[in-house]
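Below is one structure; the comments refer to it alone.
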Amino acid sequence: MSNIRITKQFSFETGHALYGYDGKCKNVHGHSYKLSVTVIGSPITDRSNVKFGMVIDFSDLKKIVKEEIVDQFDHATVFNQTTPHVELANELKNRGHHVILVDYQPTSENMVVDFAERIIARLPSGISLFSLKLQETESSFAEWYASDNL
1 MSNIRITKQF SFETGHALYG YDGKCKNVHG HSYKLSVTVI GSPITDRSNV KFGMVIDFSD
61 LKKIVKEEIV DQFDHATVFN QTTPHVELAN ELKNRGHHVI LVDYQPTSEN MVVDFAERII
121 ARLPSGISLF SLKLQETESS FAEWYASDNL
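For the sequence shown, the UniProt record's numbering assigns the number 1 to the initial residue and increments by one for each residue that follows.
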């Protein structure tokens with residue numbers, strides 16, 4: 001049976017700051033992120049299966065990405081926990097803001113690696129993550145490909 005790639009797209013709003021950066025992104029700011037998630041697998045061949053002909057039900061993929069990424073990162077502010085931004089993060093948390101502390105600089109490049117790990121851990125047997133594309137502006141994005149990360 002042929003391998004088929006299935007892609008679902010998501011959108012979410014997230015703020016961040018790049019500690020130690022030498023440009024404008026050192027300041028707290030936000031992006032309207034677009035995330036394209038592509039998985040690969042063979043369509044189900046069991047005619048008695050309600051998902052016959054599907055690689056994965058789009059709603060099942062949506063559930064995984066929504067729970068692991070969108071619901072967590074949407075309208076949150078992400079800071080590197082190993083920088084002085086942790087003080088700002090704690091102040092924001094104390095004022096009721098949704099803050100995520102990560103152990104990496106929250107660039108698109110590092111976020112897409114984090115997202116790949118989260119999604120891979122939740123995919124059902126026989127389905128593999130093929131690629132992710134995390135777009136932070138209309139013209140700027142980071143991509144993750146399984147073939148580059150063997």
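No residue lacks a Cβ here, since even glycine has one placed at the ideal position from N, Cα and C.
First through last residue of the alpha helix (DSSP H) which encompasses residue i
i, result
"phenylalanine 115", "108-120"
"phenylalanine 58", "58-65"
"lysine 93", "85-94"
Buried/exposed call for residue i, threshold 16 Cβ in 10 Å
i, result
"glycine 20", "exposed"
"phenylalanine 12", "buried"
"asparagine 136", "Checking the sequence shown, residue 136 turns out to be glutamate, not asparagine. Classification of glutamate 136: buried, given that the 10 Å Cβ count is 16 or more."
"methionine 1", "exposed"
"asparagine 149", "exposed"
"asparagine 80", "buried"
Which listed residue (the options) has its alpha carbon closest to that of residue i
i, options, result
"phenylalanine 130", "Gln72, Glu13, Asn110 and Ser36", "Ser36"
"glycine 30", "Ile56, Thr7 and Ser108", "Ser108"
"phenylalanine 115", "His85, Val70, Val28 and Lys51", "Val70"
"alanine 17", "Lys24, Phe10, Gln9 and Val28", "Val28"
"isoleucine 120", "Asp46, Gln9, Val65 and Val99", "Val65"
"serine 125", "Pro84, Asn94 and Ile56", "Ile56"
"glycine 41", "Ala146, Ala76, Ser128 and Ser147", "Ser128"
Proximal residues to residue i (C-beta, below 6 Å), its chain only, five neighbours per side dropped
i, result
"glutamate 143", "Lys133"
"phenylalanine 73", "Phe12 and Thr14"
Cross-strand partners of residue i (DSSP beta bridge)
i, result
"leucine 101", "Phe79"
"leucine 129", "Val39"
"glutamine 135", "Lys34 and Phe141"
Cβ shell of residue i (< 7 Å), same chain only, five flanking positions each side left out
i, result
"asparagine 110", "Tyr104"
"threonine 7", "Ser36, Val37 and Thr38"
Delimiting residues of the beta strand (DSSP E) encompassing residue i
i, result
"alanine 146", "Premise fails: alanine 146 is in no beta strand (DSSP E) and is neither H nor E."
"arginine 5", "4-16"
Any chain B beta carbon closer than 7 Å to residue i
i, result
"glycine 96", "Judged by its chain identifiers, the structure shown contains no chain B, having just a single protein chain."
Any non-hydrogen atom of the ligand MN within 6 Å of residue i CB
i, result
"phenylalanine 52", "Only the bare structure without any ligand can be found here, which leaves the ligand MN out of the picture."
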